[in-house]
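Undergrad:
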Amino acid sequence: MVDKLTIKRIKRYLGMFIPVLLIFSLGIVALDFYLPYSGKEGSAITTTYHMAEDGKFLADIPFENYLHEAPAIQGAVFDIRDYGADSESSFSDNTIAVQNTIEAAYDAGGGTVLVDGGTYRTGRLRLKSNVTLRISEGACLECITYEENKSLSEENRLDVLGYISAKDADNVKIEGPGRIAGNGATYVNPAKEESEFLPLDTFNLKRYIVEHRKRIMMGKEHEFNRAMLLGMNNCTNVTIQNLELYEAGSWTARLEGVDNLHIEDVVINNNVRVANTDGFDIEGGTNIVIRHCFIATGDDAICIKTDDANTPALDGMLVEDCEIMSLANCFKIGTATWNTISNVVVRDCFFFMPGIAGGYSGIAIECVDGSIVSDITIENIVMEHVTSAFVIWLGYRNGEGTLKNITIQDIEATGIDVASAITGYKKYSKINSVENVTLKNISMTYREADEKLNIYKNSKGAYEGPLNMEGYPEITRVSSMSVLTSNLYPYWDLPVHGLFARYVDGLTVENFSVTPRSKNSRPLDNVQDEGDRIEIQNFIWI
40 MVDKLTIKRI KRYLGMFIPV LLIFSLGIVA LDFYLPYSGK EGSAITTTYH MAEDGKFLAD
100 IPFENYLHEA PAIQGAVFDI RDYGADSESS FSDNTIAVQN TIEAAYDAGG GTVLVDGGTY
160 RTGRLRLKSN VTLRISEGAC LECITYEENK SLSEENRLDV LGYISAKDAD NVKIEGPGRI
220 AGNGATYVNP AKEESEFLPL DTFNLKRYIV EHRKRIMMGK EHEFNRAMLL GMNNCTNVTI
280 QNLELYEAGS WTARLEGVDN LHIEDVVINN NVRVANTDGF DIEGGTNIVI RHCFIATGDD
340 AICIKTDDAN TPALDGMLVE DCEIMSLANC FKIGTATWNT ISNVVVRDCF FFMPGIAGGY
400 SGIAIECVDG SIVSDITIEN IVMEHVTSAF VIWLGYRNGE GTLKNITIQD IEATGIDVAS
460 AITGYKKYSK INSVENVTLK NISMTYREAD EKLNIYKNSK GAYEGPLNME GYPEITRVSS
520 MSVLTSNLYP YWDLPVHGLF ARYVDGLTVE NFSVTPRSKN SRPLDNVQDE GDRIEIQNFI
580 WI
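For the sequence shown, the positions run 40 to 581 when our numbering is used.
The structure is reproduced here in structure tokens:
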């Protein structure tokens, strides 16, 4: 594990100021040029971690750094075997036995439900107040398969709360060092393409997107509630610790409206090909801590969102000392942003890709549904082969929102393929800007490759290409238009290799350096503070 990711690796870049370069139009609608590459497609790159031979799971997760021997249980113990659970029993019998154990602990005023001595397959389980679920080393609670879930009546199937969940409960704890397994692969169809998606020797954005999506295993037509692995709704004092969460079929943990949530020493070990397998989805709540976790997953790894107008606001969250691999975004705010999200700190983390391609941003901060997202600080992050370092996106999907007071500092990103971007939007004649962004001590180095670029150009000095502010936000879609057909997006590369910014009111950039590819053809930045389409005020480049 990275030792607090010392910023000595970053300080060597301080003072390496690169002056502003404004892009000049070439007077054409699109520029498409191709640089041939003589190497073998998908040539190897050096990475800290690696994929297993099947290309679906990470091979070398350092479990010993995260999972540890659990302390002796204090208080009453309720062993599921005493209530009829047996690793050889049917899932229906085990479901009844484990749920009865939980009820017994709750009726006794609280206690520890012990899972020991094997793997127990069950249907959905509901935790109660003052109950701790302890899964011993080598033991496992395993979710039923797609076919088993399908065989149940609708009222008994997995539901939106999740495989193991709690609702309106207080003082709930889930701990290991054992495993909770989701059987996620049984709920999805095979991918269109089974081979690994290796880094492109000639990077092309459209090809990158298509090849990435071809390898995703999408949900079956009738998913029968492809449930979250864990779910907490409207709970207080929840702890998840010293635990492996394995092969989720959908979001790994949906934690909605939880106050005083503590997550520590958790390993998320997902099949990275399975769609929608977010790591931790935090939907509102207060006083939230995610500390010293290892996450390998196929969708957003840590995602803060407010799903609808009834979702509580989020105020106060800390993420620190985590290692994160994501085939989408390592840390994300959004996409759903219906209520306020504020006072979030992410620090001392390592974001990476293990020698394969795919994914979008290390950091994605998005507000598109009319809420307020503010006071976000992200600092001391090392990124390895993440596609893009960051995107900050204020869009208009379901209303006018506010995105302000964002600080990103002490970032070292190596092996990137796509520039970073900050953008608000202009709807008709009204401009809605991202407010007060600080970028400080940021170093980005491109992965060496050739490029086939498609850049929207026009006859004026300012970039007038499309900004996709009403569609789904992603760094690959900043310069794109809405869907023309069910299968066609017109994508354009950003006209810069460093920083693209539009509609920003208050931007401070200090010690921002970018090392482009050796055959780079784009300027460092395209940050506009004038022109009919662009208005930026209080822009400072120090």
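Ideal Cβ placement from N, Cα and C applies to all residues, glycine included.
Taking Cβ positions, are Asp489 and Lys558 nearer each other than 8 angstroms?
TA: Yes, these two residues count as a Cβ contact at 8 angstroms.
Undergrad: Thinking just about the alpha-carbon of each residue, which of Asn228, Tyr202 and Arg173 is nearest to the one in Gly217?
TA: For the residues Asn228, Tyr202 and Arg173, the minimum Cα distance to Gly217 belongs to Arg173.
Undergrad: Using DSSP with H/G/I as helix, E/B as strand and the rest coil, what is Lys206?
TA: Correct three-state label for Lys206: strand.
Undergrad: Please report the straight-line C-alpha distance between Thr275 and Gly148, rounded to a whole angstrom.
TA: Approximately 17 angstroms, taken between the alpha carbons.
Undergrad: Please confirm whether Met271 and Val297 have their CB atoms less than 8 angstroms apart.
TA: Yes, the pair counts as a contact, with Cβ atoms nearer than the cut-off.
Undergrad: Taking only three categories from DSSP, how would you classify Phe551?
TA: In this structure, Phe551 counts as strand in the three-state DSSP scheme.
Undergrad: Taking the C-alpha atoms as reference points, what is the distance between Lys79 and Asp240?
TA: Note on Lys79: pLDDT 40, under 50, position unreliable in the model; no value is reported.
Undergrad: Below 8 angstroms CB to CB, which residues in the same chain sit around Ile100 once its five sequence neighbours on both sides are set aside?
TA: Closer than 8 angstroms at the Cβ level, and outside the excluded window around Ile100, lie Tyr88, Val306, Asn308, Phe333 and Ala335.
Undergrad: Go to Asn139, then tell me how far its alpha helix (DSSP H) extends in each direction, as first and last residue.
TA: Residues Phe130 to Asp146.
Undergrad: Does Pro75 pass the burial test, meaning 16 or more other C-beta atoms within 10 Å, or should it be called exposed?
TA: Confidence at Pro75 is low in this model, with a pLDDT of 31, below 50, so its placement is unreliable and no value can be given for it.
Undergrad: Starting from the Cα of Ala111, find the closest Cα among Thr446, Ile119 and Thr151 and give me that residue.
TA: Residue Thr151 is the option with its Cα nearest to Ala111.
Undergrad: With DSSP collapsed to three states, give me the class of Val249.
TA: Helix at Val249.
Undergrad: Per DSSP, which one or two residues make a beta bridge with Tyr399?
TA: For Tyr399, which the question treats as bridged, DSSP gives no partner whatsoever.
Undergrad: Since Ser413 is in the beta strand (DSSP E), which residue starts that stretch and which ends it?
TA: Unbroken beta strand (DSSP E) run through Ser413: Ile411 to Glu423.
Undergrad: For Phe102, does the three-state DSSP call read helix, strand or coil?
TA: In this structure, Phe102 counts as helix in the three-state DSSP scheme.
Undergrad: Using 8 angstroms as the threshold, is the C-beta distance between Gly614 and Gly409 below it?
TA: This structure gives no information on residue 614, because the portion of the chain shown stretches from 40 to 581.
Undergrad: Beta-carbon separation of Ala403 and Gly373 under 8 angstroms?
TA: Cβ distance < 8 angstroms, so Ala403 and Gly373 count as in contact.
Undergrad: Tell me the DSSP secondary structure of Tyr285 in three-state form.
TA: Here Tyr285 sits in strand by DSSP.
Undergrad: Which residues share a DSSP beta bridge with Gly201?
TA: DSSP output for Gly201 lists no bridge partner at all.
Undergrad: Could you give the first and the last residue of the continuous alpha helix (DSSP H) run that contains Asn310?
TA: Looking at the DSSP string, Asn310 is not in any alpha helix (DSSP H), and its letter there is neither H nor E.
Undergrad: Under 8 angstroms: do the segment 214-228 and the segment 179-189 share three or more Cβ pairs, one atom per stretch?
TA: Touching, yes.
Undergrad: Please report the straight-line C-alpha distance between Ala98 and Pro512, rounded to a whole angstrom.
TA: One C-alpha to the other measures close to 31 angstroms.
Undergrad: Helix, strand or coil for Ala460 per DSSP?
TA: The answer is strand: DSSP assigns Ala460 an E or B state.
Undergrad: Taking the C-alpha atoms as reference points, what is the distance between Asn228 and Ser175?
TA: About 32 angstroms.
Undergrad: Between the C-alpha atoms of Met356 and Ala428, what's the straight-line distance to the nearest angstrom?
TA: Each residue's Cα considered, the two are about 21 angstroms apart.
Undergrad: May I have the straight-line CA-CA distance separating Glu509 from Glu108, to the nearest angstrom?
TA: Their Cα atoms are separated by approximately 49 angstroms.
Undergrad: Taking Cβ to Cβ, would you say Arg386 is nearer than 8 angstroms to Asn419?
TA: Yes.
Undergrad: What do you reckon, are the CB atoms on Ile326 and Pro351 nearer than 8 angstroms?
TA: Note on identity: in this sequence residue 326 is Asn, with Ile being the wrong assignment. No, they are not a contact pair.
Undergrad: What did DSSP end up calling Tyr495 once you bin it into helix, strand or coil?
TA: Note: Tyr495 maps to strand in three-state DSSP.
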